[in-house]
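S.K.: Have a look at this one before I ask anything.
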Amino acid sequence: MRGDEEGPGTDRDVTTRDHLVIGLFVMAVITALGGVWPADPSSPVQWWLVVSAVDVVLCGALLTLPVHPRSTQAVLIAGVVVSAALVSTCHTAQGVVLFALGFVVAGQFAAYALEPRRAAVVAGVVVAAIALPAAIAPAAVHPVVVVGACAMALLSCWLMAQQSGRLRQQARTDHLTGALNRGAFHERLGDVVPRALRTGARLSVVALDVDDFKVVNTRHGHLGADDLLAGLAAGWRARLPAGAFLGRVGGDEFVAVLPGADEAAARGWVASAALRDVLSSSAGVAELRPEDSVRSLLDRADADLFASKDARRTLAGNV
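Written as structure tokens, this is what we have:
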């Protein structure tokens, strides 16, 4: 830990938004081609061009709006709804099917980029955008095609959400201990600390470090020490209160974040956890202050941890 600070994972969010901008721009080009080169002479080509222009405007909105899942979801839904209005005017089944494919891609993108609740809302909009316009469009579209498109949209969105969630979990979790890895921990802490400062809610962090871990490695071997470390972290995680989380920030260094806990409650949690620890460990506690940043909060917990270790060594030397 040593006071290092990492901000929220905005890089991934920005990359995701860039992907959405590219997808919307491709849809704008395809829609414009449908207006310039219509499949049916009676198609209202002016609306195809209007929807293409709207997609370009949405691209601009994505590039200027703050990076946030809410704005990403809103732009996705706006793009689907506008295109659905165009589908209701399609005179050919090809146009309906083309946009249905685009809607499926939009749902898959939501399943990949957004949290499950937001992605589920987009998936519902996608199904409605396939079914309702096809029912009122001038084009003759067989009901089996509509039902099949809706089913494939839901299935592909669900599969994408499952796989994305699994990969995201693996990317955020330390494989040995099940705690958040360093990057994911700092990302989450970078969210909860500003929120607690805004609302005035209590929050404490506990820096945890295994005592004499080199000795543990020598005595039990690396694999045995890994097993003991995993058991220690599992015990800490099992005793965390609701809303709290644990991160592994170094080899044998962990930090527990306890929202709603003052310093006394945090020290009580440490004392309770230490009674059943499989290894001897030291802890340092810091309660969030109004003037704190993430870094200063972790620095104070680190300083308290070192003081605890020094006191333990002094006591051991006096025994």
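According to UniProt numbering, the sequence shown holds residues 1 to 319 in order.
We put the beta carbon where it would ideally sit given N, CA and C, even for glycine.
All figures in this text were calculated on a predicted structure; none of them were measured in a lab.
1) Please classify ILE136: is it buried, with 16 or more other beta-carbons within 10 angstroms of its beta-carbon, or exposed?
2) What residues are listed by DSSP as bridge partners for THR173?
3) Please say whether VAL270 and HIS205 have beta carbons closer to each other than 7 Å?
4) Considering GLU253, what are the terminal residues of the beta strand (DSSP E) in which it resides?
5) By DSSP's criteria, residue 337 is part of a beta bridge. Which residues make up the other side?
6) Nearest to ALA161 by alpha carbon, out of ALA120, PRO143, ARG17 and ARG188?
7) For VAL81 and ARG267, I'd like the C-alpha separation in whole angstroms.
8) Taking ALA179 as the reference, which of ALA244, LEU279 and VAL193 has the closest Cα?
9) Does ARG118 come out as helix, strand or coil in the three-state DSSP assignment?
10) Please work out which residues of its chain come closer than 7 Å, Cβ to Cβ, to GLN94, disregarding the five sequence neighbours upstream and downstream, and give them in chain order.
11) How about ARG118 and PRO69: do their beta carbons lie closer than 7 Å?
12) CA-CA distance, LEU132 and ALA78?
13) Take GLY247 and list the residues in its own chain whose beta-carbon comes closer than 6 Å to its own, dropping the five residues that flank it on each side.
14) Just to confirm the assignment, what range does the alpha helix (DSSP H) spanning ARG276 have?
15) In the DSSP assignment, what are the bridge partners of ARG248?
16) Mark ALA273 as exposed unless 16 or more other C-beta atoms lie within 10 angstroms of its C-beta, in which case mark it buried.
17) Would a C-beta distance cut-off of 7 Å place ALA283 and LEU229 closer than the cut-off?
18) Determine the DSSP secondary structure at GLY243, reduced to helix, strand or coil.
19) Taking the alpha carbon of LEU258 as the point to measure from, which residue in VAL122, LEU288 and GLY235 has its own alpha carbon closest?
20) Can you check which of these residues, THR72, GLY60, ALA53 and LEU114, is closest to LEU86 by C-alpha distance?
21) When you compare only the Cα positions, how much space is there between SER71 and LEU20?
22) State buried or exposed for GLY224, treating a residue as buried only when at least 16 other CB atoms are found within 10 Å of its CB.
23) Relative to the C-alpha of ALA151, which candidate in ALA261, GLU263, PRO116 and GLY107 has its C-alpha closest?
24) On the criterion of 16 or more Cβ atoms from any shown chain inside 10 Å, does GLN73 qualify as buried, or is it exposed?
25) For ILE130, count neighbouring Cβ atoms within 10 angstroms of its own Cβ and tell me buried if that reaches 16, exposed if not.
26) With DSSP run on the structure shown, which of helix, strand or coil describes VAL67?
M.R.: In brief:
1) exposed
2) Looking at the DSSP assignment, THR173 forms a beta bridge with LEU180.
3) Per the sequence presented here, residue 205 reads as Val, with His not at that position. Contact: no.
4) 253-259
5) Because residue 337 is not part of the residues shown, which for the chain are 1 to 319, the question remains open.
6) By alpha-carbon distance to ALA161, the top candidate from ALA120, PRO143, ARG17 and ARG188 is ALA120.
7) 53 Å
8) ALA244
9) helix
10) ALA39
11) yes
12) Answer to the nearest angstrom: the Cα atoms are 16 Å apart.
13) ALA179, LEU180, PHE185 and VAL255
14) Element bounds for ARG276: n/a, residue is neither H nor E.
15) In DSSP, ARG248 forms a bridge with PHE254.
16) buried
17) no
18) GLY243: coil per DSSP, three-state reduction.
19) LEU288
20) ALA53
21) 12 Å
22) exposed
23) The candidate whose alpha carbon is nearest that of ALA151 is GLY107.
24) buried
25) buried
26) Three-state DSSP puts VAL67 in coil, outside helix and strand.
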